[in-house]
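Undergrad:
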Amino acid sequence: MSKFISVLLFSFGALLCSCNDPQIKKKQNKEDAFKTLVDIDERLRSADSLVVVFYKHPYGADSLRYTRYYTQISVVGPVELELLQQQLKQKAIRLEKHRYCRGEGKVWCYSKGKIFQTLYFSTLCDNCCHVYLIKDGFFFYTDILKSFTSWLTSVKPISKEPFNDSTITNN
Numbered sequence: 017m018s019k020f021i022s023v024l025l026f027s028f029g030a031l032l033c034s035c036n037d038p039q040i041k042k043k044q045n046k047e048d049a050f051k052t053l054v055d056i057d058e059r060l061r062s063a064d065s066l067v068v069v070f071y072k073h074p075y076g077a078d079s080l081r082y083t084r085y086y087t088q089i090s091v092v093g094p095v096e097l098e099l100l101q102q103q104l105k106q107k108a109i110r111l112e113k114h115r116y117c118r119g120e121g122k123v124w125c126y127s128k129g130k131i132f133q134t135l136y137f138s139t140l141c142d143n144c145c146h147v148y149l150i151k152d153g154f155f156f157y158t159d160i161l162k163s164f165t166s167w168l169t170s171v172k173p174i175s176k177e178p179f180n181d182s183t184i185t186n187n
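In terms of this note's numbering, the sequence shown opens at residue 17 and continues consecutively.
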C-alpha cells in the first residue's frame, strides 16, 4: 500500500509541475489574449489582391439562398489593400457560434494568384456591423470601420455579375 501511495503522490506532483510548464502557459496566455484578425491568420498580411462579393438581396425573403446571386469586383490597388489592412488590425472577439445576422457580402483574399481566406461583412449597423472570418471552427468578429464601410459602399455600384459561360450557345 505504501508503494501505491508513493506512486500516487509522485504522479500528482508531476501533474502539478506540468501545469507550470512555460510552453503550456505561453500557449494558454496566447489563446486568451485579445487578438486582431491578422494575428489570427497571419497570411492576411500578404494579401495582394481581393475579390469583393456583394449579395444582390441580402435582406430579402429567402433566408436560405440569398447568397446565390451576387455581383463582384476585383481589387488590386494599394489604397484599397491598406484599407483592408486597417480593418484587419481591429481587435477581434472569438465566438463558437455564428451571430444571427445576414451577411451583405464577402471578400476573397488572394496572394500570388491563390485564394487563401474569406472575410464576411455586414454594414447594417443597427444590429449587425462587422467583419469576420472563420478559423479552426471559431468565428472571429471585428467591428467594421467607417472607412471600410465607405469603401464598400463606393465600390458596390461598379461591381458586376460574374461571367456565366452557360449563357453561351453554339449555333
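Here a beta-carbon is modelled for each residue, glycine too, at the ideal position from N, C-alpha and C.
It should be emphasised that the depicted structure is a prediction, and the values quoted were computed from it without experimental measurement.
To the nearest angstrom, report how far apart A108 and V147 are at their CA atoms.
TA: Their backbone Cα atoms lie some 9 Å apart in a straight line.
Undergrad: Give me the Cβ distance between V69 and K122, rounded to the nearest whole Å; I'm assuming they're in contact under 8 Å.
TA: So it is a contact: roughly 5 Å between Cβ atoms.
Undergrad: List the residues that DSSP assigns as beta-bridge partners of C145.
TA: Its beta-bridge partners are T139.
Undergrad: Going by alpha carbons, who is nearest to D159 out of L111, G93, Q103, S90?
TA: Nearest of L111, G93, Q103, S90 to D159, Cα basis: Q103.
Undergrad: Does DSSP classify T52 as helix, strand or coil?
TA: Reduced to three states, the DSSP call for T52 is strand.
Undergrad: Span of the alpha helix (DSSP H) holding K162?
TA: Looking at the DSSP string, the run of the alpha helix (DSSP H) that includes K162 is 162 to 171.
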